[in-house]
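Sequence lines, in order, name chains A and B. As numbered in my numbering, residues 1 to 190 make up the first sequence, in order. As numbered in my numbering, residues 1 to 466 make up the second sequence, in order. Have a look at the structure below before the remarks.
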Amino acid sequence: MEAVKQIVSKTVVLSNDDIDTDQIIPARFLTTTTKEGLGRNLFADWRYEKDGRERKEFVLNQPASLGATVLVGGNNFGCGSSREHAPWALLDFGIRAVVSTAIADIFRSNSLKNGLVPVIVDAATHRWLLEHPGADVKIDVPSATIEVNGKSVAFPIDRFSRYCLVNGIDQLGYLLEQNAAITRYEQAHA
Amino acid sequence: MAQSLFEKIWASHVVAPETDDTPAVLYVDLHLLHEVTTPQAFDLLRARELPVRRTDKCLATLDHSTPTVPVTTLKDLEVVSEPSAAKQVRQMERNCKDFGIELRGFGSRDRGIVHVMGPELGATQPGATIVCGDSHTSTHGAFGALAFGIGTTEVGHVLATQCLLQRKAKTLEINVDGELPSDVTAKDLILSIIGKIGVDGGTGHVIEYRGSAVRALSMEQRMTICNMSIEAGARAGMVAPDDTTFQYMAGRPLAPQGAKWDAALAKWRKLPSDAGAKFDKQVSIDATKLRPMITFGTNPGMVMAVDGVVPNDTDAAFRKALAYMQIEAGKPLLGTPVDVVFIGSCTNGRLSDIRAAAQVLRGRRVAERVRLLVVPGSHAVKREAEAEGLHEVVRAAGGEWREPGCSMCIGMNGDTVPSGKLSVSTSNRNFEGRQGTGARTILASPATAAAAAIKGAIVDPREFAS
Chain A
1 MEAVKQIVSK TVVLSNDDID TDQIIPARFL TTTTKEGLGR NLFADWRYEK
51 DGRERKEFVL NQPASLGATV LVGGNNFGCG SSREHAPWAL LDFGIRAVVS
101 TAIADIFRSN SLKNGLVPVI VDAATHRWLL EHPGADVKID VPSATIEVNG
151 KSVAFPIDRF SRYCLVNGID QLGYLLEQNA AITRYEQAHA
Chain B
1 MAQSLFEKIW ASHVVAPETD DTPAVLYVDL HLLHEVTTPQ AFDLLRAREL
51 PVRRTDKCLA TLDHSTPTVP VTTLKDLEVV SEPSAAKQVR QMERNCKDFG
101 IELRGFGSRD RGIVHVMGPE LGATQPGATI VCGDSHTSTH GAFGALAFGI
151 GTTEVGHVLA TQCLLQRKAK TLEINVDGEL PSDVTAKDLI LSIIGKIGVD
201 GGTGHVIEYR GSAVRALSME QRMTICNMSI EAGARAGMVA PDDTTFQYMA
251 GRPLAPQGAK WDAALAKWRK LPSDAGAKFD KQVSIDATKL RPMITFGTNP
301 GMVMAVDGVV PNDTDAAFRK ALAYMQIEAG KPLLGTPVDV VFIGSCTNGR
351 LSDIRAAAQV LRGRRVAERV RLLVVPGSHA VKREAEAEGL HEVVRAAGGE
401 WREPGCSMCI GMNGDTVPSG KLSVSTSNRN FEGRQGTGAR TILASPATAA
451 AAAIKGAIVD PREFAS
């Protein structure tokens with residue numbers, strides 16, 4: 001996992017509530033056995049016509065979205081299936097952070113393990129972001145803040161996840177260090 | 001201090017407690033594995049030269065990208081599956097072989113949807129922690145287990161260490177009291193609950209379903225309820241174990257036997273939430289007021305009584321959902337023509353579900369316009385249903401009787417609903433395109449789905465009650 005400290009970008013906005021992981025990456029693309037190349041099919045059913053042409057009206061296909069790395073979604077982003085292919089697809093496409101008023105549990109957990117920053121903001125900040133697509137934002141992971149419209153807004157993230165993001169540390173290393181405690185637990189519960 | 005069921009299981013699985021700086025290290029008793037969410041996890045183990053810590057705590061099968069037409073050899077698979085799906089299935093066989101995990105694959109009598117197979121083998125046990133790279137792992141909570149879906153990175157964590165890093169969830173008590181009307185099923189109950197609390201109503205919480213109506217449910221019905229906890233955003237759903245649980249489990253191959261059974265039973269009886277246990281949130285439902293339910297939108301919280309009218313809302317997402325569904329606000333759905341009916345999945349693919357559908361189908365014919373697919377949740381379900389002649393009932397009515405698998409619930413195995421077609425499905429998700437690109441899905445109980453197949457349109461299942 002790559003370390004992620006600051007993200008400075010304009011936003012791209014998908015304002016629908018309850019964007020589920022089946023929309024982020026439809027199930028027919030889950031027959032892959034790797035993580036690579038999923039960005040091509042990110043939001044596939046919203047992004048492409050049946051014949052494969054890009055839908056001009058879809059926000060990710062518009063020139064203004066080019067290079068944006070912060071996605072602002074409606075409430076309850078990432079609900080549904082546990083597929084980690086959803087954050088993999090977003091990252092492969094170039095998205096580095098997702099901002100919403102609520103982010104579904106499993107999607108949030110999966111995002112943190114891959115360096116995709118889940119940013120939960122209050123309703124007023126969220127409304128402003130929805131109303132100002134393309135706004136410049138600055139996310140600072142060490143201080144767990146997002147700068148929106150000249151104001152710095154704190155977002156919740158536990159210290160461990162923040163430490164892992166900032167240092168690009170994958171959590172498996174920490175778990176493997178617990179080997180002695182795990183063995184003790186197994187002996188006590190055999 | 002009085003503890004809830006969840007708190008008891010949590011406390012007994014903590015390897016290292018959580019602190020401000022670090023999450024808890026939580027031990028996992030049972031790890032369910034399938035072909036779609038594991039390949040990258042096995043790759044991680046290979047890259048780090050790590051073995052699987054406890055192959056004895058893994059239960060692996062093929063279900064998601066596995067076809068539901070008869071396949072007994074890999075050669076068959078190459079013929080019926082997309083190359084990528086066939087490759088994924090072969091990869092699962094190789095991964096299990098390389099890492100010493102028993103795979104209940106093609107040729108196994110046990111193979112089935114992972115959440116159908118675990119309980120019927122007796123692998124799913126009260127008080128256990130159970131995980132799987134699949135959000136419907138919540139199903140196993142029906143046995144008083146703490147069971148939840150994880151991502152593929154976490155699948156790798158569990159394979160390597162048998163543990164997960166977790167922050168303790170909050171608790172949500174859902175009390176369902178009173179007697180369910182005889183024509184209202186477990187599916188109608190859980191759809192009603194999701195409609196009431198919303199698709200994010202359970203986020204950050206573990207639900208415990210309680211109350212007299214829940215106690216009266218069979219194990220298969222409890223599994224249907226717990227299965228869809230994730231559709232309310234909950235981390236997990238659970239029901240305290242009781243005699244119904246123990247009767248279901250007794251004698252199953254992987255359940256404890258003899259003296260071990262007695263010892264387990266004594267432990268399991270201590271699991272239910274103590275009187276006075278505190279929950280972070282509470283919801284009450286009056287079972288007597290419930291009716292058969294269907295969804296009308298593109299998430300499982302958009303529900304209505306089958307004989308009701310589609311609600312109205314000016315919200316943009318609501319309007320987008322109705323436009324996708326080609327459904328009008330303020331009108332009933334009764335009489336809306338149906339193209340496909342799917343009966344199966346980890347929500348409603350068990351024997352009692354097939355029986356409920358067969359009861360409607362018996363002696364009747366599926367409407368000309370409808371394709372009916374009945375997919376047993378496992379080989380065990382298939383065998384039991386066939387022993388009762390239910391496959392003949394399905395076929396005589398004009399339906400297809402398939403091999404076990406996830407089938408049209410996820411549409412990545414060859415079974416899909418064509419674009420624009422309307423499906424009535426006993427599965428768990430009516431998301432846009434879930435059953436196939438452009439497919440429109442209405443979620444319902446097996447009885448309501450079977451009735452729609454006969455009528456060729458949305459119909460009140462009570463019209464077919466015998």
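Glycine is no exception: its CB is placed at the ideal position from the N, C-alpha and C atoms.
The alpha helix (DSSP H) enclosing residue i, as first and last residue numbers
i	result
residue 163 of chain B	From DSSP, residue 163 of chain B is part of no alpha helix (DSSP H) but of the beta strand (DSSP E) over 163-166.
residue 147 of chain A	From DSSP, residue 147 of chain A is part of no alpha helix (DSSP H) but of the beta strand (DSSP E) over 145-148.
residue 246 of chain B	243-249
residue 43 of chain B	39-48
residue 302 of chain B	From DSSP, residue 302 of chain B is part of no alpha helix (DSSP H); its letter is neither H nor E.
residue 194 of chain B	186-197
residue 34 of chain A	No alpha helix (DSSP H) contains residue 34 of chain A, which DSSP labels as neither H nor E.
residue 223 of chain B	219-227
residue 161 of chain A	159-167
residue 79 of chain B	74-80
Start and end residues, beta strand (DSSP E) containing residue i
i	result
residue 174 of chain A	Here residue 174 of chain A belongs to no beta strand (DSSP E); instead the alpha helix (DSSP H) covers 171-176.
residue 146 of chain B	146-149
residue 210 of chain B	205-210
residue 175 of chain B	170-177
residue 341 of chain B	340-343
residue 119 of chain A	117-120
residue 140 of chain A	136-140
residue 18 of chain A	Counting along the chain, residue 18 of chain A falls outside any beta strand (DSSP E), and DSSP gives it neither H nor E.
residue 238 of chain B	236-238
residue 197 of chain A	Residue 197 of chain A is absent from the model: chain A starts at 1 and stops at 190.
residue 154 of chain A	151-154
9 Å Cβ cut-off: residues of chain B touching residue i
i	result
residue 142 of chain A	Per Cβ cutoff of 9 Å: no residues; residue 142 of chain A is ~15 Å from chain B at best.
residue 110 of chain A	150, 151, 152, 153, 154
residue 125 of chain A	Neighbours of residue 125 of chain A on chain B: none; closest Cβ ~18 Å, over 9 Å.
residue 187 of chain A	Those within 9 Å of residue 187 of chain A in chain B number zero; the least Cβ separation is about 12 Å.
Proximal residues to residue i (C-beta, below 7 Å), its chain only, five neighbours per side dropped
i	result
residue 391 of chain B	385, 401
residue 86 of chain B	77, 78
residue 244 of chain B	218, 219
Under 9 Å from the C-beta of residue i: neighbouring residues of chain A
i	result
residue 124 of chain B	The premise fails here: residue 124 of chain B is roughly 18 Å from chain A at the closest Cβ pair, so nothing lies under 9 Å.
residue 82 of chain B	28, 31
residue 412 of chain B	26, 27, 28, 29, 30, 31
residue 320 of chain B	16
Distance between beta carbons of residue j and residue i, contact taken as under 8 Å
i	j	result
residue 60 of chain A	residue 47 of chain A	6 Å
residue 61 of chain B	residue 112 of chain B	7 Å
residue 280 of chain B	residue 172 of chain B	7 Å
residue 176 of chain B	residue 211 of chain B	4 Å
residue 119 of chain B	residue 268 of chain B	Actually they do not touch by this definition, with Cβ atoms about 15 Å apart.
residue 235 of chain B	residue 205 of chain B	6 Å
residue 172 of chain A	residue 89 of chain A	No, residue 172 of chain A and residue 89 of chain A are not in contact; Cβ-Cβ is about 22 Å, not under 8 Å.
Interface residues of chain A facing residue i [CB-CB closer than 7 Å]
i	result
residue 237 of chain B	In chain order: nothing, as chain A lies at least about 13 Å away.
residue 174 of chain B	Result: empty, since nearest Cβ-Cβ is about 18 Å, beyond 7 Å.
residue 68 of chain B	By Cβ distance, chain A contributes nothing, its closest Cβ being about 15 Å from residue 68 of chain B, past 7 Å.
6 Å CB neighbourhood of residue i in its chain, flanking five on each side removed
i	result
residue 474 of chain B	The requested residue 474 of chain B is not part of the displayed model; chain B covers only 1 to 466.
residue 356 of chain B	446, 447
residue 547 of chain B	Residue numbering for chain B in the displayed model covers 1 to 466; residue 547 of chain B lies beyond these limits and cannot be assessed.
residue 115 of chain B	136, 139, 346
Amino acids of chain B, ordered along the chain, whose beta-carbon sits closer than 8 Å to that of residue i
i	result
residue 26 of chain A	433, 437
residue 181 of chain A	15, 16, 25
residue 74 of chain A	317
residue 158 of chain A	23, 167
residue 102 of chain A	200, 203
residue 20 of chain A	299, 429, 431
Residues near residue i by beta carbon distance below 8 Å, same chain, minus five either side
i	result
residue 414 of chain B	67, 68, 69, 80, 81, 82, 85
residue 242 of chain B	215, 272
residue 462 of chain B	183, 292
Chain-ordered chain A contacts of residue i [CB-CB under 8 Å]
i	result
residue 160 of chain B	172, 175, 176
residue 94 of chain B	By Cβ distance, chain A contributes nothing, its closest Cβ being about 10 Å from residue 94 of chain B, past 8 Å.
residue 427 of chain B	Those within 8 Å of residue 427 of chain B in chain A number zero; the least Cβ separation is about 12 Å.
residue 40 of chain B	33, 34, 35, 84
residue 88 of chain B	31, 32, 33
heavy atom of the ligand SAM below 8 Å from residue i C-beta
i	result
residue 44 of chain B	The ligand SAM is not part of this structure, which contains no ligands at all.
Chain B contact residues for residue i, given Cβ-Cβ distances below 7 Å
i	result
residue 52 of chain A	Near residue 52 of chain A there are no residues of chain B at all, since even the closest Cβ is about 12 Å away, more than 7 Å.
Restricting to runs no shorter than 4 residues, where is the alpha helix (DSSP H) found entirely within the stretch 332-373 of chain B? 345-348, 351-361
Where are the beta strand (DSSP E) runs, 3 residues long or more, that stay fully inside the stretch 79-112 of chain A, in chain order? 97-100
Just list the alpha helix (DSSP H) runs in the stretch 98-124 of chain B, keeping only unbroken ones of 4 residues or longer that don't cross its boundaries, in chain order. 114-121
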